[in-house]
Amino acid sequence: MFQGIFIDAFENDKKLADMMSTSGRHGLRVNFQKPAELMKLAGQILNSQPDLLALDYRLDNEHKYASYQASPLAQQLRESVLQSVTHDFPIILISSQEDIHAFFDNITAHNLFDRYFTKSDLTNGSASNQQILSLVKGYKQLIKHWNKPDSWSKFLAVTGREKIQVAYQAIRELDKLKAPHQVAHAILRYVIDRRGLLLDHDNVLTRLGISKSGKDVEAIFDLLHRDKIEYAGIFSEGWPRWWTHRLVDWQESLCGRAWGKLDTAEQRVSCFNRKLGLKLSPAKSRWPDTEGLIWYVCDSCHQPTEFNYSVIAHEALPYRFLHPKRICWKCVETGEYKEQGLETDDGEELIVDKIQNGEIRSGT
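Throughout, my numbering is defined as the position within the sequence shown, counted from one, plus 1.
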């Protein structure tokens, strides 16, 4: 069983250690520990060689160890393991919803932690537990394959000719990074969390033109599992994903040609229903009276949208394989995309102004 440590100043939060734990031979047991002076605490943790470290992000000036903060401790630990990568381990944040905002404001802290979880995330059930355990197992795989030829392909579980489709320069350069936590950060941020090489559940359905609220949705995913469209690399147990290129090939072999942005959701679903004997429903846009050329998931409301009825969100994309975030016209009209921390790209200013000024209306 894997062993983890949860550092928190308050005894009342000891129960969170149990919430992070998972049973079984290959499960995770998280033990509660109170903080100490920074360097002493870092030494204790490194000597324990944990498989996971969870830190509370609360900043409490009244506590005896007010000097203890998650970011400086994580920085010290990250620097220490550079000398012995086999002892690297995931570091996560556990905090209240309010304190998480302080984390988002501290940009320099983002690269130190693999993931953050609110206390309500842990209360709500097994999804967070599975993700935490997946981080532990993922690090073990990183360490196992460290410094092997083409380690990146082993991290992502691709072999043979398929490596050519994935071997972007930025992916190959994972092998040049100095520690497993650096590779973990890159894969989580640019492969797992982003539409590009991989697609999440909702993006798979949208690319296939399928409504997630209709019938036979699970049957589609059963078929994708059978036909090995799923991503099986590190962190896949916690964050199910599907390879974009495999999905394209699968659909093309089934329907005889590759679908594109100019094919309606109705056309795509009609093929799947006919070929597979299913009763899938086509995905619908939030913007009324469109042609149904569903292709994207809006990164604001997470509902299906089209190229022609969405705008690009502003962001600096470091790698070619990343797909730009998009905001549907409905979210532009309501302004709800701002609540998600998104910003429209300057190149979309004309259409954004027309929507927000009422020159273009949804009628709802």
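Heads up, the beta-carbon is just placed ideally off N, CA and C, and yes, glycines get one too. A quick note: this is a predicted structure, and the numbers were derived from the prediction, not measured.
Which runs of the beta strand (DSSP E), 3 residues or longer, sit entirely within the stretch 223-303? 295-298
Mind checking whether Gln50 and Arg30 have CB atoms under 9 Å apart? no
Reduced DSSP secondary structure (H/G/I, E/B, other) of Val218: helix
Does the structure place the stretch 298-306 close enough to the stretch 141-160 that three or more beta carbon pairs sit under 8 Å? no
Label Glu334 either buried or exposed according to how many other C-beta atoms from any shown protein chain fall within 10 Å of its C-beta, with 16 as the threshold for buried. buried
Work out the CA separation of Gly210 and Ser135 for me, nearest whole Å. 30 Å
Three-state secondary structure (DSSP) at Asn130? helix
May I ask you to report which of helix, strand or coil DSSP gives Tyr117? strand
Burial state of Phe236, where buried means 16 or more other Cβ atoms lie within 10 Å: buried
Inter-residue Cα distance where the pair is Asn309 and Ile328: 11 Å
Report the CB separation of Thr207 from Asn130 in whole angstroms; it is logged as a contact under 8 Å. Wrong, their Cβ atoms sit about 28 Å apart, outside the cutoff.
If you count every other CB in all the chains shown that lies within 10 Å of the CB of Ser121, and 16 or more means buried, which is it? exposed
Which of the three DSSP states is assigned to Leu56 in this structure? strand
Cross-strand partners of Glu307 (DSSP beta bridge): Ile295
Considering just the uninterrupted stretch of the alpha helix (DSSP H) at Ser72, what are its terminal residues? Ala71 to Val82
Candidates Thr265, Pro36 and Arg26: which alpha carbon is nearest Ala10's? Pro36
Output needed for Ile295: all residues of its chain with C-beta closer than 8 Å, excluding positions within five of it in sequence on either side, in chain order. Thr207, Gly210, Thr265, Ala266, Pro283, Ala284, Lys285, Ser286, Pro305, Thr306 and Glu307
Quick check on Asn32: does DSSP put it in helix, strand or coil? strand
State the DSSP-derived secondary structure class of Val159, mapped to helix, strand or coil. coil
Hey, is the stretch 183-197 in contact with the stretch 211-223, meaning 3+ C-beta pairs nearer than 8 Å? no
Residue of Pro181, Lys41 and Gln170 minimising C-alpha distance to Phe156: Pro181
Going by CA-CA distance only, name the one from Phe114, Gln84 and Thr87 that's closest to Ile95. Phe114
I need the boundaries of the alpha helix (DSSP H) containing Ser49, first residue and last residue. Leu39 to Ser49
Give the DSSP-derived three-state secondary structure of Ile361 in the structure shown. coil
Can you tell which of Gly342, Lys331, Glu337 and Gly364 has its C-alpha closest to the C-alpha of Ile352? Lys331
Identity of the residues DSSP links to Ile92 by a beta bridge: Leu54
Per DSSP, which one or two residues make a beta bridge with Gly5? Val31 and Leu53
Inter-residue Cα distance where the pair is Asp290 and Ile165: 41 Å
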